[in-house]
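Here's the structure, in structure tokens; my notes come after.
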Amino acid sequence: MRLLRLDLEKYGVFEGRSLDFRPDAKLHVVFGPNEAGKSSALAAVSDLLFGFPERTDFAFRHATGNLRLGAHIVAADGREATFRRRKGRAGTILDSDDKALPDDLLAPFLGGLSREVFERAFGLTTRALREGGEAL
């Protein structure tokens with residue numbers, strides 16, 4: 134699966150921000166100064182793909198029920214999906230008109246990947262680097 138666009142509609146400090154990713158790139162690096170929102174954007178990808186946890190640290194600017202993320206993704210076989218996600222227990226994956234899409238919409242794109250494995254494999258943070266260094 135390849136993430137082509139991440140929409141930070143209402144998430145943490147973000148409102149109405151989008152990150153576009155080149156479809157032909159082999160690696161994407163998101164960088165910026167401290168407190169620019171890099172870690173928040175990384176957490177948003179996990180929440181988008183796997184759902185918001187029961188308790189979230191990203192509802193300080195927007196009410197919990199108003200948290201929204203969106204994306205455009207493409208699978209290796211060319212299938213594409215454009216969707217949004219809201220915080221909730223069911224019916225959290227939405228189309229552009231806020232109509233619920235199947236809860237298992239992302240399963241074929243994720244290929245059985247768990248949130249934990251995704252975060253370890255694709256989310257390199259300063260904290261993860263520090264913990265890895267300490268483990269050595």
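Under my numbering, the residue at position 88 of the sequence shown is numbered 221, and the numbers go up by one with no gaps. Every residue, glycine too, gets a C-beta built ideally from N, C-alpha and C. Just so it is clear, the structure is predicted and the values come from calculations on it, not from any experiment.
Start-to-end residues for the alpha helix (DSSP H) that takes in residue i
| i | result |
| --- | --- |
| Arg135 | Careful: Arg135 lies outside any alpha helix (DSSP H), inside the beta strand (DSSP E) at 135-144. |
| Glu213 | Element bounds for Glu213: not the alpha helix (DSSP H) but the beta strand (DSSP E), 213-219. |
| Glu168 | Glu168 -> no alpha helix (DSSP H), and no H or E assigned at all. |
| Ala233 | Premise fails: Ala233 is in no alpha helix (DSSP H) and is neither H nor E. |
| Ala254 | 248-255 |
Beta strand (DSSP E) segment containing residue i, residue limits
| i | result |
| --- | --- |
| Gly271 | Here the chain has residues from 134 to 269 only, and residue 271 is not among them. |
| Ala204 | 201-207 |
Residue i burial status per 10 Å Cβ neighbour count (16 or more: buried)
| i | result |
| --- | --- |
| Lys220 | buried |
| Phe193 | exposed |
| Arg155 | exposed |
| Asp230 | exposed |
| Ala209 | exposed |
| Asp228 | exposed |
| Phe164 | exposed |
| Asp190 | exposed |
| Gly211 | exposed |
DSSP-derived helix/strand/coil call for residue i
| i | result |
| --- | --- |
| Gly265 | helix |
| Leu152 | strand |
| Leu243 | helix |
| Leu175 | helix |
Supposed contact pair residue j and residue i - C-beta distance, whole angstroms, cut 8 Å
| i | j | result |
| --- | --- | --- |
| Ala169 | Leu141 | Incorrect: roughly 12 Å between the Cβ atoms, too far for contact. |
| Arg135 | Val250 | About 17 Å; that fails the 8 Å criterion. |
| Phe202 | Tyr144 | According to the sequence displayed, residue 202 carries Leu and not Phe. Indeed, because the Cβ distance is near 6 Å, the residues count as touching under 8 Å. |
| Leu200 | Ala174 | About 14 Å; that fails the 8 Å criterion. |
| His205 | Leu137 | 5 Å |
| Leu243 | Leu160 | About 20 Å; that fails the 8 Å criterion. |
| Thr215 | Gly184 | About 18 Å separates the two Cβ atoms, so there is no contact after all. |
| Ser179 | Arg248 | 6 Å |
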